[in-house]
Amino acid sequence: MSEFCDKVVKKPWGYEYLMYESDKIAIWYLHISHGRQTSLHCHPCKKTGYILLDGEAQVSFLNGHVQLRALSKLMLREGLFHSTRAISPDGIHVIEVESPPNKEDLVRLDDIYGRKEQPYEGEECRVPMTDSCITISEPGLGRADSYEICSTSLTVEKFADASELLKRPHDEIILVMQGGLYTKNNDPILSPGDVVTIATLARLAGTFHSPDGITTMTVRKGEDV
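If you read the sequence shown in our numbering, its first letter stands for residue 6, the second for the next number, and so on.
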């Protein structure tokens, strides 16, 4: 069991907590308060999938930045320095998926709160989870488990084949939790921790296969939430 299970990690910019963890990925929820920002940091050995659930954010890199509005996504490669700032008056709500799970894989280049070159927060910054925190369970085959954060619906499902996802609206975002899409030589095309749209999955699923099935979190926003 993860040392972060049932804990909220307090940050100078807000807080985060662990929603789900396997041997391949960890899914975290982050709330960043208005005007606050994360350190300019990178993860040398893990990729990061980023989903902005609510609000408006500025994600900065060493040279330049992008402006994001919910619902949107990014994939951040290993070693890419980045920082997220909350622009919305009520702050922003974010899901981050790291692959593989490792909170020690962190290099802080700069930080307005004085954490430059410092490691991840220690036990003194951890408090018990509250009832409002959402944790995700492993779904059974053919079963859909639904969760809600900020009028955004998260649906976790396990499919025998990725083609079963193609009937969903193509603008929905999916996060691969287990399995994925592979070539005939079993080289990974989509693997745990990847974040794409259904439209992207549709382009790939006709050519590549999912030999072990695929478990996904589908993220959508709308009146049906």
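C-beta: ideal position from N, C-alpha, C; glycine also.
Extent of the continuous alpha helix (DSSP H) run through residue i
i, result
"Leu206", "Ile203 to Ala210"
Own chain partners of residue i with C-beta closer than 6 angstroms, once the 5 adjacent residues on each side are dropped
i, result
"Gln72", "Gln63"
"Glu26", "Ser7 and Pro106"
"His39", "Ala91, Pro94 and Gly96"
"Ile32", "Met24, Tyr25 and Val102"
"Leu146", "Lys163"
Residue i versus the options, residue with shortest Cα-Cα distance
i, options, result
"Ser156", "Trp18, His98 and Asp116", "His98"
"Leu111", "Thr43, Leu180, Leu206 and Gly211", "Thr43"
"Phe86", "Ala204, Gly184, His48 and Val201", "His48"
"Lys78", "Met134, Gly119, Ile203 and Tyr118", "Ile203"
"Ala207", "Gly184, Leu58 and Arg173", "Arg173"
"Gly184", "Asp136, Ser215, Thr205 and His175", "Ser215"
CB contact flag (residue i, residue j, <9 angstroms)
i, j, result
"Glu61", "Ile100", "no"
"Lys121", "Leu114", "yes"
"Ile178", "Leu170", "no"
"Ala165", "Gly119", "no"
"Ser158", "Lys226", "yes"
"Tyr55", "Cys138", "no"
"Gly19", "His36", "yes"
"Ile30", "Met182", "yes"
"Val224", "Leu76", "yes"
"Arg74", "Leu57", "yes"
"Tyr34", "Ile154", "yes"
Run of the beta strand (DSSP E) containing residue i, from where it starts to where it stops
i, result
"Asp115", "Val112 to Asp115"
"Ala75", "From DSSP, Ala75 is part of no beta strand (DSSP E); its letter is neither H nor E."
"Asp150", "Ala149 to Ile154"
"Glu177", "Unbroken run through Glu177: none, as it is neither H nor E."
"Pro133", "Arg131 to Pro133"
"Gly40", "Where Gly40 is concerned, there is no enclosing beta strand (DSSP E), given that its DSSP letter is neither H nor E."
"Ala91", "Ser88 to Ala91"
"Gln63", "Glu61 to Ser65"
"Gly19", "Gly19 to Glu26"
"Thr188", "From DSSP, Thr188 is part of no beta strand (DSSP E); its letter is neither H nor E."
"Phe213", "Where Phe213 is concerned, there is no enclosing beta strand (DSSP E), given that its DSSP letter is neither H nor E."
Beta-carbon proximity list for residue i, same chain, < 8 angstroms, skipping 5 on both sides
i, result
"Ala210", "Ala167, Ser168, Leu170, Leu171 and Leu186"
"Cys130", "Val14, Lys15 and Lys16"
"Ile141", "Met24, Tyr25, Ile32, Asp150, Tyr152, Leu159, Val161 and Met222"
Same chain, Cβ closer than 7 angstroms to residue i, neighbours up to 5 away in sequence not counted
i, result
"Asp229", "Its pLDDT being 49, under 50, Asp229 is placed unreliably in this model, and the coordinates cannot settle the point."
"Lys51", "Glu83, Glu103, Ser104, Pro105, Asn107 and Asp110"
"Pro144", "Asp150, Val161, Glu162, Lys163 and Thr220"
Examine the Cβ distances between the region 124–137 and the region 187–200 and report whether three or more of them are shorter than 8 angstroms. no
Pair every Cβ in the region 66–84 with every Cβ in the region 181–193, then say whether three or more of these pairs are closer than 8 angstroms. no
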